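Notes follow the structure.
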Amino acid sequence: MKIRNKIILSTALVVSFSLIVSGFFIYDYARGIIREQSIRDSRTKLAQISFQLNKVQEQVMKTAEYIVSDEEITELVYARAGPDIETEYFRKQAVQDKLGRFVALNNFILNVLIVRPDGGTFSNYSGYEDYFAEYVKQDWFVKMKDSRRNYSEPHPFFFISGNRQVFSYVLQYRPIGQQTSADSYLVLDIAYSELSNVFLQSSRDFEQIELFTGANALLYSTGKELQPSDEESMKEALRSGQSFREDADRIVLTDETMNQDWKQAALLSKSRLFEKINRIFYFYIVIILSGIAVTLVVMLPIIVNLTKPLIRLTNAMKRVAVGDLGTSVAIRSGDELEILGAGFNRMVEDLRHLVDTSIRNEETKRKMQIDLLMAQINPHFVYNTLNTVIYLSHANRNGQVVEVTQALIGILQDTIKTGEGAVRASLAEEKQIVDKYAVIQQTRYPGRFRLIWELEDALLGQPVPRMAMQPIVENAIVHGIIPSDREEGKIIVRAYRDDAQMCLEVEDNGRGMDTSDSEESNLPKSTDRTRGIGLSNIRDRLYTDFGAAARLEVSSEKDVGTVVRIRIPLAGPVNESS
Numbered sequence: 001m002k003i004r005n006k007i008i009l010s011t012a013l014v015v016s017f018s019l020i021v022s023g024f025f026i027y028d029y030a031r032g033i034i035r036e037q038s039i040r041d042s043r044t045k046l047a048q049i050s051f052q053l054n055k056v057q058e059q060v061m062k063t064a065e066y067i068v069s070d071e072e073i074t075e076l077v078y079a080r081a082g083p084d085i086e087t088e089y090f091r092k093q094a095v096q097d098k099l100g101r102f103v104a105l106n107n108f109i110l111n112v113l114i115v116r117p118d119g120g121t122f123s124n125y126s127g128y129e130d131y132f133a134e135y136v137k138q139d140w141f142v143k144m145k146d147s148r149r150n151y152s153e154p155h156p157f158f159f160i161s162g163n164r165q166v167f168s169y170v171l172q173y174r175p176i177g178q179q180t181s182a183d184s185y186l187v188l189d190i191a192y193s194e195l196s197n198v199f200l201q202s203s204r205d206f207e208q209i210e211l212f213t214g215a216n217a218l219l220y221s222t223g224k225e226l227q228p229s230d231e232e233s234m235k236e237a238l239r240s241g242q243s244f245r246e247d248a249d250r251i252v253l254t255d256e257t258m259n260q261d262w263k264q265a266a267l268l269s270k271s272r273l274f275e276k277i278n279r280i281f282y283f284y285i286v287i288i289l290s291g292i293a294v295t296l297v298v299m300l301p302i303i304v305n306l307t308k309p310l311i312r313l314t315n316a317m318k319r320v321a322v323g324d325l326g327t328s329v330a331i332r333s334g335d336e337l338e339i340l341g342a343g344f345n346r347m348v349e350d351l352r353h354l355v356d357t358s359i360r361n362e363e364t365k366r367k368m369q370i371d372l373l374m375a376q377i378n379p380h381f382v383y384n385t386l387n388t389v390i391y392l393s394h395a396n397r398n399g400q401v402v403e404v405t406q407a408l409i410g411i412l413q414d415t416i417k418t419g420e421g422a423v424r425a426s427l428a429e430e431k432q433i434v435d436k437y438a439v440i441q442q443t444r445y446p447g448r449f450r451l452i453w454e455l456e457d458a459l460l461g462q463p464v465p466r467m468a469m470q471p472i473v474e475n476a477i478v479h480g481i482i483p484s485d486r487e488e489g490k491i492i493v494r495a496y497r498d499d500a501q502m503c504l505e506v507e508d509n510g511r512g513m514d515t516s517d518s519e520e521s522n523l524p525k526s527t528d529r530t531r532g533i534g535l536s537n538i539r540d541r542l543y544t545d546f547g548a549a550a551r552l553e554v555s556s557e558k559d560v561g562t563v564v565r566i567r568i569p570l571a572g573p574v575n576e577s578s
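Letter by letter, the sequence shown follows residues 1 to 578 in my numbering.
Below, the structure written as structure tokens:
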């Protein structure tokens with residue numbers, strides 16, 4: 001992708017990201033405000049509904065108390081039957097008149113009914129004895145007989161010229177001063193429209209409102225058809241007694257501040273609640289797209305003028321890349337790009353001198369690479385050895401700490417060399433270093449391994465890469481023997497001649513590596529199956545020092561062991577008598 005396109009794309013991304021992020025936070029903040037305000041308003045509306053319903057309840061209960069405590073009504077209802085029909089008629093007419101006064105005072109009470117223990121009924125309406133005899137046999141009344149006082153579920157009531165929907169307040173009592181062994185019932189039939197009027201104004205603000213009696217009978221519902229998940233959420237809020245319940249799609253509020261254990265549940269739909277702000281969000285998306293378009297129109301000429309010098313500079317760099325070191329570029333933009341062009345010209349000039357100088361310094365560079373590789377192996381060895389010292393210190397094996405530290409000092413004294421001695425050492429010196437390292441590891445892992453030397457004496461004076469054997473032995477111990485299940489591992493170190501080469505081998509009987517076949521690695525090719533920086537370092541050093549004449553070979557079999565072999569050219573004739 002060209003830099004011009006990158007700048008245009010980056011500008012569009014930054015502008016759009018900034019606008020989208022800011023819009024998201026504004027939208028989320030506004031949603032939070034609307035949500036909190038809606039919950040507060042809804043709670044206020046539920047409280048107002050509860051207040052009005054409490055007023056209705058209190059009025060009903062006061063009316064019931066007045067009727068039950070009215071001695072005249074009690075004497076008339078429970079007096080002995082008259083000697084004739086006329087007397088009985090006037091007695092019922094007197095009860096009707098008195099009950100009618102209570103109905104007149106409460107326009108939402110349609111009927112007052114007293115049911116004596118013997119089944120006799122008295123109402124503020126005369127001539128309906130047969131109707132009321134059947135009325136008290138209906139299911140809604142039968143369910144109320146075991147309750148001291150409560151409200152029934154809605155049911156029909158024949159009123160004047162037609163059925164009216166009512167709900168009833170049923171009070172079970174025994175009249176004062178009357179010797180009765182059974183209870184009487186006072187029934188106040190309340191117009192259902194009274195509930196509808198209470199909920200009329202607020203029902204439009206909710207998806208659904210439901211009112212339940214203390215017996216968990218549904219007394220009122222807005223009657224909207226709900227999803228099963230909405231219904232279950234409302235039921236769960238009522239069952240758990242939660243005043244507030246919320247999920248991703250809805251909010252349920254409950255109120256239980258009414259008398260007689262009445263409770264109401266109101267459902268708020270979030271999709272409806274945030275409908276207006278969602279429209280604002282879509283409008284904001286249009287603003288974002290417009291902002292991106294305006295930004296690109298303004299920025300495009302600036303970007304084009306900015307990238308022209310860069311294109312010329314890129315073309316000049318391509319010519320230099322193919323070897324044309326006589327290339328120069330002229331940029332007159334008066335800004336940092338002009339400085340960059342001048343720097344490019346100076347860089348090309350310096351590059352010409354650098355190419356000449358690099359040829360002369362190639363041998364010096366090769367020596368520096370060898371020094372760098374040696375600097376890499378020593379910190380690696382010291383790091384692993386100091387880990388052993390830390391382990392012994394934590395184990396309170398202070399005597400062995402001293403022994404290990406002395407061994408480390410001895411190794412460092414052998415390895416800190418300068419000049420050619422920093423790069424190569426005799427095989428005998430390498431053996432001393434490995435023996436001291438083995439002392440360190442045997443201190444940490446007593447009895448876990450045995451080091452066996454199989455060296456040709458004639459090769460002890462042959463030079464080998466310094467610190468080449470120790471990392472291989474370390475890998476055999478740490479990655480081969482220790483993780484295996486063997487009680488005692490073996491590490492065999494060999495040195496022998498193979499034509500004009502000297503072979504150095506380290507063989508262990510540890511757990512091996514995840515490879516089924518032997519693998520040879522011709523330098524400088526690397527392999528993922530070498531372990532630690534030791535082998536990688538040795539491979540690089542061998543290639544730097546001997547080139548293609550040296551090889552590092554690794555062969556391993558899982559749960560059998562690993563063999564690491566170094567092949568290097570022999571340095572001069574071998575002294576057989578040494």
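We put the CB at the ideal spot given by N, CA and C, even for glycine.
Since this is a predicted model, take the numbers as computed values, not measurements.
Check                                                                                                                             : Outcome
Any 3 or more C-beta pairs closer than 8 Å across the segment 253-262 and the segment 31-50                                       : yes
Rounded straight-line distance, which links the Cα of residue 393 to that of residue 511                                          : 29 Å
Rounded separation between residue 2 and residue 316 - CA only                                                                    : 16 Å
Residue nearest to residue 479 in terms of C-alpha spacing, selected from 563, 550 and 412                                        : 563
Spatial neighbours of residue 23 in its chain, beta-carbon cut-off 6 Å, leaving aside the 5 residues before and after             : 284
Residue 463 versus residue 471: straight-line alpha-carbon distance, rounded                                                      : 17 Å
Under the three-state DSSP convention, the category residue 19 falls into                                                         : helix
Opening and closing residue of the alpha helix (DSSP H) in which residue 172 lies                                                 : First-last for residue 172: 162-173, but that is the beta strand (DSSP E), not the alpha helix (DSSP H).
Given residue 553 as reference, the closest of 506, 547 and 573 once Cα atoms are compared                                        : 506
Beta-carbon proximity of residue 151 to residue 172, cut-off 7 Å                                                                  : no
Cβ pair residue 73, residue 188 closer than 7 Å                                                                                   : no
Per-residue DSSP class, three states only, for residue 524                                                                        : Because the pLDDT at residue 524 is just 35, under 50, the model does not fix this residue reliably, and the point stays unresolved.
Proximity below 7 Å, CB of residue 303 to CB of residue 4                                                                         : yes
Residue(s) in a DSSP beta bridge with residue 186                                                                                 : 114 and 171
Residue 453 (DSSP reduced to helix, strand or coil)                                                                               : strand
8 Å CB neighbourhood of residue 198 in its chain, flanking five on each side removed                                              : 49, 52, 53 and 56
For residue 100, the first and last residue of its enclosing alpha helix (DSSP H)                                                 : 85-105
Exposed unless 16 or more other CB atoms sit within 10 angstroms - verdict on residue 518                                         : Its pLDDT being 38, under 50, residue 518 is placed unreliably in this model, and the value from its coordinates should be taken loosely. Burial call: exposed.
Residue closest to residue 484, alpha-carbon to alpha-carbon, out of 498, 509, 468 and 504                                        : 509
Three-way DSSP call (helix, strand, coil) for residue 256 in this model                                                           : coil
Proximity of residue 443 and residue 408 at Cβ, strictly below 7 Å                                                                : no
Nearest candidate by alpha-carbon position, reference residue 434, set 448, 298 and 473                                           : 473
Chain-order list of residues whose beta-carbon lies under 8 Å from that of residue 535 (same chain, five-residue window excluded) : 471, 472, 475, 552, 554 and 564
Extent of the continuous beta strand (DSSP E) run through residue 569                                                             : 561-569
Simplified DSSP assignment, three categories, for residue 150                                                                     : strand
Cβ-Cβ separation, residue 207 to residue 224 (assumed contact under 8 Å), whole Å                                                 : 7 Å
Opening and closing residue of the alpha helix (DSSP H) in which residue 263 lies                                                 : Segment 263-269 is the beta strand (DSSP E) holding residue 263; no alpha helix (DSSP H) there.
Residue from 336, 513, 71 and 125 with nearest C-alpha to residue 561                                                             : 513
N- and C-terminal bounds of the beta strand (DSSP E) containing residue 556                                                       : 551-557
is_contact[residue 341, chain B] using C-beta, thresh 7 Å                                                                         : No chain B appears in the structure shown, which is made up of a single protein chain.
contact_flag[the segment 112-123, the segment 83-101] where n(CB pairs < 8 Å) is 3 or more                                        : yes
Reduced DSSP category for residue 502 - H, G, I as helix; E, B as strand; rest coil                                               : strand
Pairwise C-alpha distance: residue 489 and residue 497                                                                            : 26 Å
Environment of residue 402 [buried if 16+ CB atoms lie within 10 Å]                                                               : exposed
CB of residue 166 within 7 Å of CB of residue 192, strictly                                                                       : yes
Whole-Å CB distance - residue 27 paired with residue 281, under 8 Å assumed                                                       : 5 Å
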